[in-house]
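The structure under discussion appears below in the form of structure tokens.
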Amino acid sequence: MEPEGSFLQDQNQNSSSSKEEENDEPCLALANVVKIMKKVLPPRAIITDQAKEAIVACTNEFIGFITMEANDICLNENRSIITAQDLLFAMDRFGFDNYFNILTLYLHRYRQNVAAASLLVTNMPPPHLSEPPLLVQPTMPQMGNNVITHFHPFTFINRHRFFHD
């Protein structure tokens, strides 16, 4: 008999209890899903365990379907790596076209911010110069009230309301 709490005893218990739950599909962490659910629900809302498990199961199915469709897109184009654009096209094919445009815009802005941030890091002035040079060249159209305005991507760095139009 192994001492209580030993590694082998834990392994035996885990292997016998996890055989039922074992599958090859990745699964979202329940805690992460619950955290997101609580953000959108009223503060006093109670979420049952069954509801949590149902949302995780549905989310995993959704991710699986979208990923399989994106994988098919890659296979048809003789590519082996799924890109963000492939996932967006897969969502569009499944009828989530109302998300396609906004997520495409989000992806475009995200990539510009990443590029701008890496440019700032590589071209940082010495620490004793506290003010970076002014950047005025417009590069990206921004829609609003039937008027197209232009913003430089550096404008949006560290702004939390950037993606809320």
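Take the sequence shown: its position 38, counted from the start at 1, is 38 in full-length UniProt numbering, and no numbers get skipped. Positions of the beta carbon are idealized from the N, C-alpha and C atoms, including for glycine. Since we're looking at a predicted model, the values are computed, not measured.
Classify residue i as buried or exposed, calling it buried when 16 or more other Cβ atoms lie within 10 Å of its own Cβ.
{"i": "Leu30", "result": "exposed"}
{"i": "Ser33", "result": "The question names Ser, but residue 33 in the sequence shown is Val. The residue in question, Val33, is buried, as its Cβ has 16 or more Cβ neighbours within 10 Å."}
{"i": "Leu87", "result": "buried"}
{"i": "Asn98", "result": "exposed"}
{"i": "residue 166", "result": "Outside the displayed range of the chain (1 to 165) lies residue 166, so it cannot be described from this structure."}
With a threshold of 9 Å between beta-carbons, can residue i be considered close to chain C, or not?
{"i": "Met91", "result": "Looking at the structure shown, chain C is missing, and only one protein chain is on hand."}
Would residue i and residue j be called neighbours here (beta carbons separated by less than 9 Å)?
{"i": "residue 171", "j": "Ile82", "result": "In this structure the chain extends from 1 to 165, so residue 171 is not present and cannot be described."}
{"i": "Thr59", "j": "Leu107", "result": "no"}
{"i": "Lys39", "j": "Ile47", "result": "no"}
Check whether the stretch 61 to 73 and the stretch 86 to 104 are in contact - that is, three or more C-beta pairs closer than 8 Å. Yes, the stretch 61 to 73 is in contact with the stretch 86 to 104.
At 3 residues or longer, what runs of the beta strand (DSSP E) sit wholly inside the stretch 29 to 77? Qualifying beta strand (DSSP E) stretches: none in this window.
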